[in-house]
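Trainee:
Protein chains: 2
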Amino acid sequence: MPRSANALYKHFTDTILQVFRANGQLIGWGDRFAAPFELTSARWQMLGALALAAQPLTAPQIASSMGVTRQGAQKQLNLLTEEGLAVRLANPHHKRSPFYLLTESGTALYRRIDDEWNRHVAEVSGAFSAEDLAITVRTLARINELHPLDDEGGEQ
Amino acid sequence: MPRSANALYKHFTDTILQVFRANGQLIGWGDRFAAPFELTSARWQMLGALALAAQPLTAPQIASSMGVTRQGAQKQLNLLTEEGLAVRLANPHHKRSPFYLLTESGTALYRRIDDEWNRHVAEVSGAFSAEDLAITVRTLARINELHPLDDEGGEQ
DNA sequence: CCTCCATTGACAACCGGTTGCCGAATTGGG
DNA sequence: CCCAATTCGGCAACCGGTTGTCAATGGAGG
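Chains as they are written, first to last, in the working numbering: chain X, 1 to 156; chain S, 157 to 312.
1. Kindly give me the distance between the Cβ atoms of S:Ala198 and S:Ser221, rounded to whole angstroms, as I take these residues to be in contact under 8 Å.
2. For S:Leu257 and S:Pro192, which I take to be in contact (beta-carbon distance under 8 Å), what is that distance rounded to the nearest angstrom?
3. Looking at C-alpha atoms only, which residue of S:Ala283, S:Ala264, S:Glu238 and S:Glu301 is the closest neighbour of X:Asn144?
4. CB X:Thr13 to CB S:Thr292, shorter than 8 Å?
5. DSSP state of S:Ala242, grouped into three classes?
6. Using a Cβ cut-off of 8 Å (strictly closer), state whether X:Gln55 contacts chain S.
7. Using a beta-carbon distance cut-off of less than 9 Å, what residues from the region 122-141 of chain X approach chain S?
8. Just verifying my parser: in three-state terms, what is the DSSP assignment at S:Phe193?
9. Buried or exposed for S:Ala210, going by 16 or more other Cβ atoms inside 10 Å?
10. Judging by CA-CA distance, which residue of S:Leu195, S:Asn179, S:Asn162 and S:Ala246 is the nearest neighbour of S:Leu235?
11. Does any residue of chain X bring its CB to less than 8 Å from the CB of S:Ala264?
12. Let me know the secondary structure DSSP gives X:Leu146 once reduced to three states.
13. Mind pulling the chain S residues with CB within less than 9 Å of X:Thr40?
14. Rounded to whole angstroms, what's the CA-CA distance from S:Leu208 to X:Ala73? Just pull it up for me.
15. Our contact map puts S:Ala290 next to S:Ser253 with C-beta atoms below 8 Å; I'd like the distance itself, whole angstroms only.
16. Let me know if X:Gly106 comes out buried or exposed under the rule of 16 or more other beta-carbons within 10 Å of its beta-carbon.
17. For S:Thr295, does the count of other Cβ atoms within 10 angstroms reach 16, so buried, or fall short, so exposed?
18. Three-state secondary structure (DSSP) at X:Phe128?
19. In whole angstroms, what is the alpha-carbon distance linking S:Leu164 and S:Asn247?
20. Starting from X:Ser65, trace the alpha helix (DSSP H) in both directions and tell me its first and last residue.
21. Can you check whether the CB of S:Leu182 is closer than 8 Å to the CB of X:Val19?
22. What number of angstroms, rounded off, separates the C-alpha of S:Ala297 from the C-alpha of S:Arg226?
23. Which ranges would you report for the beta strand (DSSP E) in the region 248-297 of chain S if only whole runs of at least 3 residues count?
24. Please report the distance separating the alpha-carbon of S:Arg159 from that of X:Leu47.
25. CB-CB under 8 Å to S:Ala278, same chain, minus the five flanking residues each way: which ones, in chain order?
26. Please report whether the beta-carbon of X:Ala63 lies at a distance below 8 Å from any beta-carbon of chain S.
27. Using a Cβ-Cβ cutoff of 8 Å, what residues of the region 246-259 of chain S are near chain X? List them in chain order.
28. If the criterion is Cβ atoms closer than 8 Å, does the pair S:Ile269 and S:Trp200 meet it?
29. Taking the straight line between their C-alpha atoms, what separation do you get for S:Asp288 and S:Lys166?
30. Would you please verify whether the beta carbon of S:Arg226 is less than 8 Å from any beta carbon of chain X?
31. Using 10 angstroms around the beta-carbon of S:Phe267, count the other beta-carbons present and answer buried if the total reaches 16, otherwise exposed.
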């Protein structure tokens, strides 16, 4: 949105606007993709986070690994647990903060949707070059590390 | 999330996950940035859409230009109108679908936040190269054009 | 052992997006 | 000219994220 003409500024702002748009697009896509598995985008993401975790994780750990708040992750974890896809496991270090693991059916479901996902990606990813995607990932990661929230805006 | 090892697949999936994370990050950032102006991220975006429009636009036109639904755009437009930042203008072509324009105060507010935004971008964009940002924009745009929703997943 | 502080989960409220439905206006075909 | 289909705004419900508050747990220091 800048009125100034600098190309870097424009690309920066454009990137942000495209992120917003891509986010909406991808959530819609993910929901449609996950629907046949009785999942939503959000539950699928959480399923993946649990499936790929090297060790059992607590809710706050999962939240921070996904970049969302503790409560946001907890909401999905509670739902997955209700649906029998995840279970709580007593955490010896923290009586109040259990580990979450996938159940058998959670693991099986993840495997099914992940297989289908890979098939899908195979059809679609041909339109992209690995280099461009790598640069995109790196650039977005840099944006994510950047938290210019601290007080530079500071007229508050 | 793929279990398969292909680098392109991995980068594709990683891109998606980074988009989700960047979206959350940027909304949080935008909200903090806009708060001193009594705006939210969403209202700021809508303000920008109106400010930069070449001609007066109707709600459905704005919605499609922003990549959101008609109702989502309408909600923000109604709020901006209530707040006196935008006004409805009779549309000769569509009696029920007025144009939306910024008011004087809406324009002034946009100018203020945009100036501050450009100052902010100047501080932050040094960490990025114009080329990487351009590639990122292009890649995200390609994702946005891609709607693999149609029926390829098709086990529904 | 006790106290203070950080962490955690539950709960409620809110925000911004979605979908779905409805009624009114507009449009286009017969 | 009329009638059906589309477009549009309003409303309600839901989803997934946020924040804030609260009580309970855990840990560290006196």
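For every residue, glycine included, the Cβ atom is placed at its ideal position computed from N, Cα and C.
Mentor: According to the data block:
1. In fact, because the Cβ distance is near 15 Å, the residues do not count as touching under 8 Å.
2. About 25 Å; that fails the 8 Å criterion.
3. Ranking the options by Cα distance to X:Asn144, first place goes to S:Ala283.
4. It is not a contact, given that the beta carbons lie outside the stated cut-off.
5. S:Ala242 falls in the strand class under three-state DSSP.
6. Between X:Gln55 and chain S, the shortest Cβ-Cβ separation is not below 8 Å.
7. Cβ contacts with chain S come from Ala122, Glu123, Val124, Ser125, Gly126, Ala127, Phe128, Ser129, Ala130, Glu131, Asp132, Leu133, Ala134, Ile135, Thr136, Val137, Arg138, Thr139, Leu140 and Ala141.
8. Per DSSP, reduced to three states, the secondary structure at S:Phe193 is helical.
9. Under this definition S:Ala210 is an exposed residue.
10. The residue from S:Leu195, S:Asn179, S:Asn162 and S:Ala246 with its alpha-carbon nearest to that of S:Leu235 is S:Leu195.
11. It does not; no Cβ of chain X falls within 8 Å.
12. DSSP places X:Leu146 in coil when its eight states are reduced to three.
13. Scanning chain S for C-beta atoms nearer than 9 Å to the C-beta of X:Thr40 yields nothing, as the closest lies near 13 Å away.
14. Those two C-alpha atoms are separated by around 37 Å.
15. In this structure S:Ala290 is not in contact with S:Ser253, their Cβ atoms being roughly 36 Å apart against a cut-off of 8 Å.
16. When all chains shown are included, X:Gly106 counts as buried.
17. Buried: at least 16 other Cβ atoms inside 10 Å.
18. Residue state, collapsed to three classes: coil.
19. Answer to the nearest angstrom: the Cα atoms are 49 Å apart.
20. For X:Ser65, the enclosing alpha helix (DSSP H) has its first and last residue at Ala59 to Met66.
21. Taking 8 Å as the cut-off, the beta carbon of X:Val19 is found closer than this to the beta carbon of S:Leu182.
22. Roughly 21 Å separates the two Cα atoms.
23. Entirely contained in the region 248-297 of chain S, the beta strand (DSSP E) runs reaching 3 residues are, in chain order, 255-258.
24. Confidence in S:Arg159 is poor, its pLDDT being 44 and thus under 50, which makes the residue's placement too unreliable to answer from.
25. Shown here for S:Ala278: not one same chain residue has a beta carbon closer than 8 Å to its own, the five before and five after excluded.
26. It does not: the Cβ of X:Ala63 has no partner Cβ on chain S nearer than 8 Å.
27. Those residues of the region 246-259 of chain S that come within reach of chain X (Cβ to Cβ, closer than 8 Å) do not exist; the list is empty.
28. With contacts defined as CB atoms closer than 8 Å, S:Ile269 and S:Trp200 qualify as a contacting pair.
29. Cα-Cα distance, rounded: 19 Å.
30. So no, S:Arg226 is outside the interface.
31. In the sequence under discussion, the amino acid at residue 267 of chain S is Arg, which differs from the Phe named in the question. Under the 10 Å beta carbon count, S:Arg267 is surrounded by fewer than 16 other beta carbons and is classified as exposed.
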